[in-house]
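Take any residue in the sequence shown, count from 1 to its spot, add 2: that is its number in our numbering. Where a beta carbon is used, it is the ideal one built from N, C-alpha and C, also for glycine. Below: the structure, in structure tokens.
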Amino acid sequence: MTSDPRDNERTDYDARFAAIIAQFDDDPLDSSALDERPSGADDDAGAGATPAPLQPEDPQPAPPVDPIAELPAQWRMPSREESAALLEDDGTYEPPPPQPLPAGDLHFWAILAGLVGGPLWLLYLFLLDRMAKPMWWVLACATTAAGVVLLILRQPHSREDQDDHDDGAVL
Numbered sequence: 003m004t005s006d007p008r009d010n011e012r013t014d015y016d017a018r019f020a021a022i023i024a025q026f027d028d029d030p031l032d033s034s035a036l037d038e039r040p041s042g043a044d045d046d047a048g049a050g051a052t053p054a055p056l057q058p059e060d061p062q063p064a065p066p067v068d069p070i071a072e073l074p075a076q077w078r079m080p081s082r083e084e085s086a087a088l089l090e091d092d093g094t095y096e097p098p099p100p101q102p103l104p105a106g107d108l109h110f111w112a113i114l115a116g117l118v119g120g121p122l123w124l125l126y127l128f129l130l131d132r133m134a135k136p137m138w139w140v141l142a143c144a145t146t147a148a149g150v151v152l153l154i155l156r157q158p159h160s161r162e163d164q165d166d167h168d169d170g171a172v173l
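Written as structure tokens, this is what we have:
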């Protein structure tokens with residue numbers, strides 16, 4: 003009968019796992035659990051040397067601290083004054099009303115028809131009418147492509163530094 007050397011490792015792992023599960027419901031802030039560590043939990047070779055139990059450094063509980071103040075200073079973190087302002091909500095912000103759609107701008111409506119209608123037409127052909135004549139497929143693709151081309155043509159002609167008021171393509 004041969005013995006497998008991995009059986010001892012499995013037993014050690016099982017004992018360590020059982021010790022972890024036994025402490026699962028314990029209070030993580032309870033310092034008395036530090037003294038009750040299983041023997042050999044920190045041993046690399048399993049020589050059986052028991053480390054000295056850890057003692058808490060400060061028996062006095064720390065006073066509650068602002069969680070934002072404990073975070074390290076980073077470029078994304080607000081300062082203490084800004085964090086207080088962020089936590090206050092006065093509820094007075096109202097977004098501006100949306101601008102109405104341009105009624106007489108045919109270029110806008112052609113872009114909208116091409117970019118919305120073309121893919122919807124292709125989706126209809128693909129899902130409901132796969133045996134349609136090739137002409138309908140070409141027209142649906144051409145409608146989508148025309149919407150993209152019109153959108154590109156809508157962009158400004160120059161992109162110099164003096165055009166600070168430029169917002170790019172305006173629909």
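| Check | Outcome |
| --- | --- |
| Whether or not the segment 106 to 119 and the segment 138 to 154 are in contact is what I'm after, with contact meaning three or more pairs of Cβ atoms, one per stretch, closer than 8 Å; do they touch? | yes |
| Please state the DSSP three-state secondary structure of Phe128. | helix |
| What are the boundary residues of the alpha helix (DSSP H) that includes Ile114? | Checking the displayed sequence, the identity of residue 114 turns out to be Leu instead of Ile. That run of the alpha helix (DSSP H) goes 108 to 114. |
| Taking all protein chains shown into account, decide if Ala142 is buried (16 or more other Cβ within 10 angstroms of its Cβ) or exposed. | buried |
| Following the continuous alpha helix (DSSP H) through Leu103, name the residue where it begins and the one where it ends. | It is not in any alpha helix (DSSP H) - Leu103 carries neither H nor E in the DSSP assignment. |
| Tell me whether Asp16 sits in a helix, a strand or coil according to DSSP, three-state version. | helix |
| Measure the Cβ-Cβ separation of Gln145 and Trp123 and say whether it is below 8 Å. | It should be pointed out that residue 145 corresponds to Thr in this sequence rather than to Gln. Yes, these two residues count as a Cβ contact at 8 Å. |
| Excluding five sequence neighbours on each side, which residues of the same chain lie with their C-beta closer than 8 Å to the C-beta of Leu129? | none |
| Leaving out the 5 sequence neighbours to the left and right, which residues in its chain are closer than 7 Å to Leu127 when beta-carbon positions are compared? | Ala134, Trp138, Trp139, Ala142 |
| Do you know offhand how far Gly120's Cα is from Pro98's? | 32 Å |
| Quick check: the Cα distance between Pro66 and Gln25, rounded to an integer number of angstroms? | 26 Å |
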